[in-house]
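Asker: My structure is below; once you've seen it, I'll send some questions.
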Amino acid sequence: MTGHLIRSQRPPEEGPTEFVCEAARNDDTVTTHPMSAITPMPHKASDLPADGEAIPADSWVELTFVDAHGDPLPPLRHQEGRTPRGKITETPPDLDAIGIDPIASRIATTMPALLPFLAVGSTSQLGEAVARLTGLADLVDLAKHAGKASERIAKRTTKELEAQRISRRTLPAGCRRPRRRRRGISRHRIRRRCTCGRC
Numbered sequence: 001m002t003g004h005l006i007r008s009q010r011p012p013e014e015g016p017t018e019f020v021c022e023a024a025r026n027d028d029t030v031t032t033h034p035m036s037a038i039t040p041m042p043h044k045a046s047d048l049p050a051d052g053e054a055i056p057a058d059s060w061v062e063l064t065f066v067d068a069h070g071d072p073l074p075p076l077r078h079q080e081g082r083t084p085r086g087k088i089t090e091t092p093p094d095l096d097a098i099g100i101d102p103i104a105s106r107i108a109t110t111m112p113a114l115l116p117f118l119a120v121g122s123t124s125q126l127g128e129a130v131a132r133l134t135g136l137a138d139l140v141d142l143a144k145h146a147g148k149a150s151e152r153i154a155k156r157t158t159k160e161l162e163a164q165r166i167s168r169r170t171l172p173a174g175c176r177r178p179r180r181r182r183r184g185i186s187r188h189r190i191r192r193r194c195t196c197g198r199c
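full-length UniProt numbering puts the first residue of the sequence shown at 1, with every later residue one more than the last.
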């Protein structure tokens, strides 16, 4: 119903994700076929396609809920299939039809399956989603900016810093610094300000 393959050994895997599987036929030959993670394996005697062709994806799950008075609600159906070109298609259930919030459905299904695989201090999609929902997105962006700035500072070598310090002390071409005042010459005639902006 969630469109994910939930296992205890690994995080939830998206159902439309395809992989290549091997199938042993009755004539002792082995053929390879692309299939999705939640597609049932067909019977080797009759339902297997030709070698290299995709295994047909025609899987669906349907659940029917009842309200507090025992009246049935519209059924929820999650379906997976293939286009004529062999691309996986997915039709999620209409949660709005029975008044279920999409986030609430994930809290009770895929999120508990993710918890054992979340490490403290590491970045995860769930953590970023929670930060967006709680209004802490600005702090997340600030932390990313600080991390990138730290990497740039760490990559700068001592030679580069020394060369930058020397370049600041060296006057550029055409720089005019104030001269020393000579005897007998007015101070206003001899003093000039530098126009390079670096002195």
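All residues carry an ideal CB built from backbone N, CA and C; glycine is no exception.
If you compare alpha carbons, which of Arg25, Glu62, Met35 and Gln164 is closest to glycine 86?
Answerer: Residue mapping note: residue 86 aligns to position 86 of the sequence shown, counting from 1. Nearest C-alpha to glycine 86: Met35.
Asker: Mind checking glutamate 80: buried by the 16 CB within 10 Å criterion, or exposed?
Answerer: In the sequence shown, residue 80 corresponds to position 80, counting from 1. Glutamate 80 should be labelled buried.
Asker: Give the DSSP bridge partners of glycine 81, in chain order.
Answerer: Residue mapping note: residue 81 aligns to position 81 of the sequence shown, counting from 1. DSSP, once it has assigned bridges, lists Thr89 as partnering glycine 81.
Asker: Going by the beta-carbon positions, is the gap between proline 75 and threonine 64 smaller than 7 Å?
Answerer: Within the sequence shown, the letter at position 75 stands for residue 75. Within the sequence shown, the letter at position 64 stands for residue 64. It is a contact, given that the beta carbons lie within the stated cut-off.
Asker: Pop quiz: histidine 69 and proline 92 are said to be a contact at Cβ under 8 Å. What is the actual Cβ separation, rounded to whole angstroms?
Answerer: If you number the sequence shown from 1, residue 69 lands on position 69. If you number the sequence shown from 1, residue 92 lands on position 92. Contact doesn't hold; Cβ gap of about 27 Å is too wide.
Asker: What residues in its chain sit with their C-beta under 6 Å from that of arginine 25, if we drop five residues either side in the sequence?
Answerer: Within the sequence shown, the letter at position 25 stands for residue 25. Excluding sequence neighbours, arginine 25 sits near Lys44.
Asker: What separation, rounded to the nearest whole angstrom, lies between the Cα atoms of glycine 147 and alanine 113?
Answerer: Translated into the one-based positions of the sequence shown, residue 147 becomes position 147. Translated into the one-based positions of the sequence shown, residue 113 becomes position 113. Computed Cα separation, rounded: 30 Å.
Asker: For isoleucine 6, which of Thr29, Ile38 and Thr32 has the nearest alpha-carbon?
Answerer: Taking the first residue of the sequence shown as position 1, residue 6 is located at position 6. Nearest C-alpha to isoleucine 6: Ile38.
Asker: Tell me whether threonine 2 is buried or exposed, calling it buried when 16 or more other Cβ atoms sit within 10 Å of its Cβ.
Answerer: Residue numbering aside, residue 2 sits at position 2 when the sequence shown is read from its first letter. Burial call: buried.
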